[in-house]
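Q: I am attaching a structure below and will ask some questions about it afterwards.
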Amino acid sequence: MQPNFYDVVIIGGAVMGSSVAYHLLAAAPQIKLAVVERDPTYTRASTSLSLGGVRIQFSLKENIQISLYAQELFSRLEEEMTVDGEKPFLNFRPQGYLFLIDPPGRPAAEESLALQKRLGCEVDWLSPDQIKKEFPLLEVKEFVGGTFGPRDGYLDPYALLMAYRSKAVSLGARYITDEVVELIKSGNTIEGARLASGQIIHSAIVVNAAGAWAAEVARTSGVELPVVPIQRQVFTIKPSRDLERPLPLVITPSGLYFRSETGGLILVGRSLEDDKVGFDFNWDWGRFQEFLWPELAKIVPTFDTLKLVRGWAGLYAQNSFDGNAILGLWPGLKGLYLINGFSGHGLQQSPAAGRYLAELILQRPPILDLSCFGPKRILENRPLKEGGVV
Ligand SMILES: Cc1cc2nc3c(=O)[nH]c(=O)nc-3n(C[C@H](O)[C@H](O)[C@H](O)COP(=O)(O)OP(=O)(O)OC[C@H]3O[C@@H](n4cnc5c(N)ncnc54)[C@H](O)[C@@H]3O)c2cc1C
0 MQPNFYDVVI
10 IGGAVMGSSV
20 AYHLLAAAPQ
30 IKLAVVERDP
40 TYTRASTSLS
50 LGGVRIQFSL
60 KENIQISLYA
70 QELFSRLEEE
80 MTVDGEKPFL
90 NFRPQGYLFL
100 IDPPGRPAAE
110 ESLALQKRLG
120 CEVDWLSPDQ
130 IKKEFPLLEV
140 KEFVGGTFGP
150 RDGYLDPYAL
160 LMAYRSKAVS
170 LGARYITDEV
180 VELIKSGNTI
190 EGARLASGQI
200 IHSAIVVNAA
210 GAWAAEVART
220 SGVELPVVPI
230 QRQVFTIKPS
240 RDLERPLPLV
250 ITPSGLYFRS
260 ETGGLILVGR
270 SLEDDKVGFD
280 FNWDWGRFQE
290 FLWPELAKIV
300 PTFDTLKLVR
310 GWAGLYAQNS
320 FDGNAILGLW
330 PGLKGLYLIN
340 GFSGHGLQQS
350 PAAGRYLAEL
360 ILQRPPILDL
370 SCFGPKRILE
380 NRPLKEGGVV
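With numbering that gives the first Met the number 0 applied, the sequence shown corresponds to residues 0 to 389, in that order.
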């Protein structure tokens, strides 16, 4: 094959692109595969700026199955990703996710819990007294209870990305540091991509794994994707007193979340209605003070005094159509595959989504059927319902 001709070209080499690359090469080592990634430091990739949470508590069957797969996988992934005897350290900490439930949210929470249990998940309903006993710092009088997933937790997002990338490289993936400026097509068939350096890379299969930039990339071929970059801010605080034991990830009905981080720190965030749309990475401590701290201190009174250590802003590749993954072949353009729109839960979905897309490309029967996330639903206006935090 000539140098710039590939069987598969992947645009974006963060967690999604690298997971697809790994799964393709693990299943079909002979294929010639390139990943075009413009920023090998991944400074602005959502993957690096993620909280790394893995939770079973979704309300859509397929999202729950994806998380079950991830939970099982994370106990053995370090072994699977070992390259030349070097084992990655993903630092998976199963410290739990606690969703606090208010009276209006109870029916939906019970429905999701029943579905999770039917699918074999470990999730429990906790009464306010049980929550208080388990997590004495929390003030939960205004809640009717909570759902607690003891096997939920978080891992190091950058380590997961690097694990997939290193393994893909060891299997033959070529990472090209460049930017895709245009998708090249002939009629309704994809033919490759033009890079900022002027190079053209040819491939009959192109995967859009460009995260929050996915719509921009797709638009160069005339495809309109409902993927919007929305800025989300996260704050790191240091309580005035050390906690006796780590807090799980706690989510309130308003969407406020917080959890323990290493070093006695706490991470806090909340998606707000007026979060900026666009590629803006500035964060503002005033948002913590005005919108997050009052609610936080109400639920954890000891956080009434604290030190704001730092913050950061990252982008959700928000699927403005239904908040769920867009996964599969774009119906109008032969050869263009999408792995986009993961909103706030893509990290934990990267193993299952990457594997499924590889199976689709290789035309192999999928181990986990994720066809409900196919892009066709957008053209047919069939949104997928996910009641949880997306
Ligand atoms: C603050 C925050 C918290 C989050 N918390 C969680 C969580 O707890 N759990 C969870 O599961 N998920 C979480 N997420 C979501 C998760 O991080 C993302 O869904 C996931 O990382 C998306 O991965 P990706 O590879 O699709 O995108 P990205 O990581 O954004 O990667 C896209 C890559 O494409 C490259 N690229 C873009 N355009 C081009 C181009 N034209 N040419 C070449 N390269 C290009 C970029 O440089 C980038 O490296 C969070 C996200 C944020 C922002």
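For glycine and all other residues, C-beta sits at the position ideal for the given N, C-alpha and C.
Given the structure is predicted, the values throughout are model-derived calculations rather than measurements.
#1: May I have a chain-ordered list of the alpha helix (DSSP H) segments no shorter than 4 residues that lie completely inside the region 27–108?
#2: Quick check: what's the CA-CA separation for L182 versus I338?
#3: For the region 286–295 against the region 193–203, do three or more pairs of beta-carbon atoms, one drawn from each stretch, fall closer than 8 Å, so that the two count as touching?
#4: Can you round the beta-carbon distance between I10 and A209 to whole angstroms, since I take them to be within the 8 Å contact cut?
#5: In whole angstroms, what separates the C-alpha of S270 from that of L255?
#6: Is any heavy atom in ligand 1 found nearer than 7 Å to the beta carbon of F98?
#7: Quick one: what's V226 bridged to in DSSP?
#8: Using the rule of at least 16 other Cβ atoms within 10 Å of the residue's Cβ for burial, across every protein chain shown, is A351 buried or exposed?
#9: According to DSSP, which residues form a beta bridge with F257?
#10: Would the beta-carbon of S126 be found less than 7 Å away from any heavy atom of ligand 1?
#11: Can you tell me which of S239, E215, Q29 puts its alpha carbon nearest to the alpha carbon of L307?
#12: Give me the Cα-Cα distance between E223 and R381, rounded to the nearest whole angstrom.
#13: According to the neighbour-count rule (16 or more other Cβ atoms, all chains shown, within 10 Å of its Cβ), is A44 buried or exposed?
#14: In the DSSP assignment, find the alpha helix (DSSP H) that holds I395 and state where it starts and stops.
#15: For the region 216–234 and the region 12–21, state whether three or more C-beta atom pairs, one from each stretch, are separated by less than 8 Å.
#16: Return helix, strand or coil for G340, following the three-state DSSP convention.
#17: According to DSSP, simplified to helix, strand and coil, what is L114?
#18: Look at the alpha carbon of E121 and the alpha carbon of P149, and state the distance between them as a whole number of angstroms.
#19: Going by DSSP in three states, F280 sits in which element: helix, strand or coil?
#20: Can you tell which of Y315, P330, L136 has the C-alpha that lies nearest to the C-alpha of F278?
#21: Assess contact between the region 137–152 and the region 107–126, defined as three or more Cβ pairs (one per stretch) separated by less than 8 Å. Is contact present?
#22: Under the three-state reduction of DSSP, which class applies to V388: helix, strand or coil?
#23: Among the candidates L32, P225, M161, V8, whose CA atom is the shortest distance from the CA of V179?
#24: Is the CB of I100 under 8 Å away from at least one CB in chain D?
#25: Please confirm whether any heavy atom of ligand 1 lies closer than 7 Å to the CB of P228.
A: Judging by the given coordinates:
#1: 45–48, 60–73, 76–79
#2: 16 Å
#3: no
#4: 5 Å
#5: 7 Å
#6: no
#7: N318
#8: buried
#9: V249, V267
#10: no
#11: S239
#12: 16 Å
#13: buried
#14: The shown model of the chain, from 0 to 389, leaves out residue 395, and the question about it has no answer.
#15: no
#16: coil
#17: helix
#18: 7 Å
#19: coil
#20: Y315
#21: yes
#22: Low confidence applies to V388: its pLDDT is 47, below 50, so where it sits in the model is not reliable, and the reading given next is rough at best. Reduced to three states, the DSSP call for V388 is coil.
#23: V8
#24: Among the chains of the structure shown, chain D does not appear; only one protein chain is present.
#25: no
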